[in-house]
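Quick note, this note's numbering runs 18 ahead of the 1-based positions in the sequence shown.
Beneath this line is the structure, given in structure tokens, with notes to follow.
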Amino acid sequence: MTTQADLQALPTPRKLALGAAALLIVNSFLPWYHVSIGGFSASQSGWHQFGAIAWIVVIGYVVWEAARIAKFAPNEERQADLISAGVGGAGLLLGVIFLIQRISDGSLGFAFFLGLVLLAVFGYALFQQFNAAGGQEALKAAQEQAAARRAASKDDQQPPAPGA
Numbered sequence: 019m020t021t022q023a024d025l026q027a028l029p030t031p032r033k034l035a036l037g038a039a040a041l042l043i044v045n046s047f048l049p050w051y052h053v054s055i056g057g058f059s060a061s062q063s064g065w066h067q068f069g070a071i072a073w074i075v076v077i078g079y080v081v082w083e084a085a086r087i088a089k090f091a092p093n094e095e096r097q098a099d100l101i102s103a104g105v106g107g108a109g110l111l112l113g114v115i116f117l118i119q120r121i122s123d124g125s126l127g128f129a130f131f132l133g134l135v136l137l138a139v140f141g142y143a144l145f146q147q148f149n150a151a152g153g154q155e156a157l158k159a160a161q162e163q164a165a166a167r168r169a170a171s172k173d174d175q176q177p178p179a180p181g182a
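Listed below in structure tokens is the structure:
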């Protein structure tokens, strides 16, 4: 069971990223832009078109972090931080692409600008989290470990040499 002490023990970048991600999810339901033609007006939330993919990935980030807090995720902290940074980074990239697409759509609503600020905070927190995990060095070490595991599994799967 997760206690308040578990949540308070989280590093600041994780708290900041989780808070920004949660607010991004709430913000995604608000009107991001609207179009008015004559007496007719329509608005769209952040779940319109490409935004749905971005917010689903951000939800995935929150679920992953919740699993880490509840201790359902791997115990290797650096590897888990790299996974968090990767999933969050994907959500950040997709969110930025969605923002760029929306710039030319009608009148931008308050949620667009709030989303811009929240994505900036989310990106900053993810960058800090990535650096806390060891940054590029940890990423290279993880790649080398994966390559070593692949090589070991290939050696285990090779049939014995004829005549052996």
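Backbone N, C-alpha and C define an ideal beta-carbon position, used for all residues, glycine too.
Computed from a prediction, not measured in an experiment: that's the story for all the values here.
Taking D24 as the centre and dropping the five residues before and after it, the same chain places the C-beta of I87 closer than 8 Å to its C-beta, in chain order.
By the neighbour-count criterion, in which a residue is buried when 16 or more other Cβ atoms sit within 10 angstroms of its Cβ, R32 is buried. Taking a C-beta distance under 9 Å as the contact criterion, L137 and A35 do not qualify as a contact pair. Inclusion of L117 and G104 in the CB contact set at 9 Å is not warranted, their separation being larger than that value. If one requires a minimum length of 3 residues, the beta strand (DSSP E) runs lying completely within the segment 56-99 are 58-63, in chain order.
With three or more CB-CB distances shorter than 8 Å, the segment 56-76 counts as touching the segment 106-124. P31 sits in a helix when the DSSP states are folded into three classes. With contacts defined as CB atoms closer than 9 Å, Y51 and F130 qualify as a contacting pair. The segment 37-50 makes contact with the segment 64-71, as at least three CB pairs between them are under 8 Å. The DSSP-derived three-state label of S102 is helix.
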